[in-house]
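Have a look at the structure below before the remarks.
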Amino acid sequence: MPTPTLRSIAQTLGLSIGTVQRALNNKGGYSAETRERILEEARRCGYVVNPAASALSRRSVRLGVILPEPVEEDAYYFRRIWQGIRRGCEELRLFQVDVECIYASANRQRHNEDFLSALKRLSTDEVTQGIVTLESNEESYQQLVRTAEKNGKKITVINRADNRWSNFSPYQCGCVAAEIMQYGVHRPDGQFVLLGGARENNMHHRQAMGFADSIRQAFPESSVLEIYEYHRLDQLSTMLPRLLAGLEDLAGIYAVTSRETLHMCRSVRRSGRVPGSFPVVGSDAFPELLEYFEDHTLMASSYNYPARLAYSILYAMASELTSIQVPALARAIPAMPVFRGNAALFCNSDEIM
C-alpha cells in the first residue's frame, strides 16, 4: 500500500494541496466541515504530519533561556537542568527552533545584574518569541515580565509548582519523602526538622507543605520544626550541628532542595549521631551525595528528574509556537526514590532523564 501524502489526500477529497496542508497544521482558511473531512481521511489512510518537514516551510522560532551558571552551590541542581536544556536545544534545531542559552553568573550580585540585563534584552528585542527563566519577587523582574508579555512573548519559569507546561508535582514529591521517612522513624511522638528552601519560592513551598502535611497525618503526636535558611547556608551549617546534637527527641530530618540536602548530610555527620538512629531524607541525586548514601548518613533522596523537567518545559513552549508534538518523554515527571542500592546510578550518571 503506497504511503499517504498531502497530494493523495487532496485528490481523494477533491481539494487543493494547500487546503489539506493548512487543515492538518491547524492554520485556518477552511470551514469546520472541511477540516473534519480532511482529518478523517488522514486518520483513515494513516497519514502522519512530519513536523520536521513542515518546519522547512516556515520562519524559524527563537527562544531564550536565562538560568544560573551550574557552579558552586548552583551546581547540584542546575547542572541537570542545563543537561535537559542542551538536549532540547539539539532536538529542536531540527525543527527550525533556535535557542539562546544565557548563563547568569554564580556570584550573587553579578547573577542579579546578568539576570535582569538578559531579561531586559530578550523582553524588548524583535526576534525572541519565548523565554524560559526563574521566578523572582523583585519588582524590576516583574516589570520586565510584564513588558515581555505586552510585546507578545511567552514566559515560563522553571521554579513554579503550577507551571502549565509541566506535570511535575512538588507537593506529591514532599508526600513521597514523608512516606519514605515513615519506615525509619523510631520516635513517632518526636520532632521532625524540615529544611524548607526559600519561603518565596513557589516550588519549595509546595514541596515542604506536602512533607509537613503527610508527616502530621501519619504522626499526629509529633511536631515539625520548619527552617528557612536557603539564602544563608553559612548560618545553616553553623546552626544545624548544634540543633541536631541538642534534639533528644529528633524523629527525622528532610531537606527540600539540593544545596540544603548536602549541608544537612554534612551536619548530621558532624553531629556525632549514630547513622540510622533517625531517618535523613533529601532531594535530588548528584556525585557529592554518594558518600553519604554509602555510610548510611542519608537514608533516601527524592529524585525529581530536573533534566526532564527543563527538557519538558523547553519542548512544550516550542510546541505552542509551532506544530511540533511534545515527545512522550516530556509528558510525565515522576518522583523517584533513591536509596543506597541505586544511588550510584542516579548520582553519577549524566544520562538520567
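Here the sequence shown is numbered in the numbering used here, starting from 2 and rising by one per residue.
Glycine included, every Cβ here is placed at the ideal spot set by N, Cα and C.
Limits of the alpha helix (DSSP H) - the one that residue 72 falls within: Where residue 72 is concerned, there is no enclosing alpha helix (DSSP H), given that its DSSP letter is neither H nor E.
Along the chain, which unbroken stretches of the alpha helix (DSSP H) at least 4 residues long are found entirely within the region 127-156? Those alpha helix (DSSP H) runs which fall completely within the region 127-156 and span 4+ residues are 140-151.
Go ahead and pull the three-state DSSP assignment for residue 275. Reduced to three states, the DSSP call for residue 275 is coil.
So the beta strand (DSSP E) residue 304 belongs to, where does it begin and stop? Run containing residue 304: 301-304, per the beta strand (DSSP E) assignment.
Out of 95, 179, 192, state which residue places its alpha-carbon closest to the alpha-carbon of residue 245. Closest by alpha carbon: 192.
Stretch pair the region 263-272 + the region 291-301: three plus CB contacts closer than 8 Å: At 8 Å Cβ cutoff, the stretches touch.
Three-way DSSP call (helix, strand, coil) for residue 101 in this model: Residue state, collapsed to three classes: strand.
Span of the alpha helix (DSSP H), counted from its first residue to its last, around residue 216: For residue 216, the enclosing alpha helix (DSSP H) stretches over residues 203-219.
Please state whether DSSP places residue 159 in a helix, a strand or coil. Taken through DSSP and simplified to helix, strand or coil, residue 159 comes out as coil.
Through-space distance from residue 321 to residue 4, alpha-carbon basis: Taking C-alpha positions only, residue 4 is separated from residue 321 by approximately 28 Å.
Quick test of your reading: residue 365 and residue 68, contact by CB under 8 Å. State the CB separation rounded to the nearest angstrom. The chain is shown from 2 up to 354; residue 365 falls before or after that span and cannot be answered.
So, under 8 Å CB-CB, residue 186 and residue 280 are touching, yes? Tell me the CB distance rounded to an integer number of Å. The pair is a contact, with the Cβ atoms about 6 Å apart (cut-off 8 Å).
Going by the CB atoms, is the gap between residue 65 and residue 129 shorter than 8 Å? Taking a C-beta distance under 8 Å as the contact criterion, residue 129 and residue 65 qualify as a contact pair.
Residue 192 - DSSP class collapsed to helix/strand/coil: For residue 192, the three-state secondary structure derived from DSSP is strand.
Nearest-angstrom Cα distance between residue 36 and residue 342? The alpha-carbon atoms of residue 36 and residue 342 are separated by roughly 54 Å.
Measuring CA to CA, which of 99, 114, 106 is closest to residue 132? Closest option to residue 132, judged by alpha-carbon separation, among 99, 114, 106: 99.
Is the beta carbon of residue 204 sitting closer than 8 Å to the one on residue 255? 8 Å or more divides the Cβ of residue 204 from the Cβ of residue 255.
Indicate the three-state DSSP secondary structure (helix, strand or coil) for residue 177 in the structure shown. When DSSP states are grouped into helix, strand and coil, residue 177 belongs to the helix group.
Starting from residue 257 and walking both ways along the beta strand (DSSP E), at which residues does that stretch end? Here residue 257 belongs to no beta strand (DSSP E), and DSSP marks it neither H nor E.
Might you give, ordered along the chain, the residues of its own chain that have their beta carbon closer than 6 Å to the beta carbon of residue 121, omitting 5 neighbours on each side? Here the set comprises 145.
Would you give the residue range spanned by the beta strand (DSSP E) that residue 234 belongs to? Not the beta strand (DSSP E): residue 234 falls in the alpha helix (DSSP H), residues 234-247.
Same chain, Cβ closer than 8 Å to residue 82, five either side skipped, listed in chain order: Within the same chain, residue 82 has close Cβ partners 68, 71, 159, 307, 308, 310, 311.
Looking only at its chain, what residues have a beta carbon closer than 8 Å to the beta carbon of residue 227, apart from the 5 residues adjacent to it on each side? Around residue 227: 195, 197, 209, 213.
Using 8 Å as the threshold, is the C-beta distance between residue 263 and residue 292 below it? No, the Cβ-Cβ distance between residue 263 and residue 292 is not below 8 Å.
Whose C-alpha, out of 230, 258, 259, 219, is nearest the C-alpha of residue 252? Among 230, 258, 259, 219, the Cα nearest to that of residue 252 is on 219.
Cα-Cα separation between residue 284 and residue 140, rounded to whole angstroms: Approximately 30 Å, taken between the alpha carbons.
What would DSSP say about residue 42, mapped onto helix, strand or coil? Three-state DSSP puts residue 42 in a helix.
Do residue 286 and residue 232 have their beta-carbon atoms positioned less than 8 Å apart in this structure? Judged by beta-carbon spacing, residue 286 lies beyond the 8 Å limit of residue 232, meaning their Cβ atoms are not closer than that value.
Taking residue 41 and residue 10 to be in contact with their CB atoms under 8 Å, please state how far apart those CB atoms are, rounded to whole angstroms. Going by Cβ atoms, the distance from residue 41 to residue 10 rounds to 10 Å, so no, they are not a contact pair.
Run the CB neighbour count on residue 275, radius 10 Å, all protein chains shown included, and call it buried at 16 or more, exposed below. Classification of residue 275: exposed, given that the 10 Å Cβ count is below 16.
DSSP three-state label for residue 325, please. It is coil, neither helix nor strand.
What is the residue span of the alpha helix (DSSP H) that residue 21 lies within? Here the alpha helix (DSSP H) through residue 21 covers 18-25.
Of the choices 127, 23, 211, whose alpha-carbon is the least far from that of residue 63? Ranking the options by Cα distance to residue 63, first place goes to 127.
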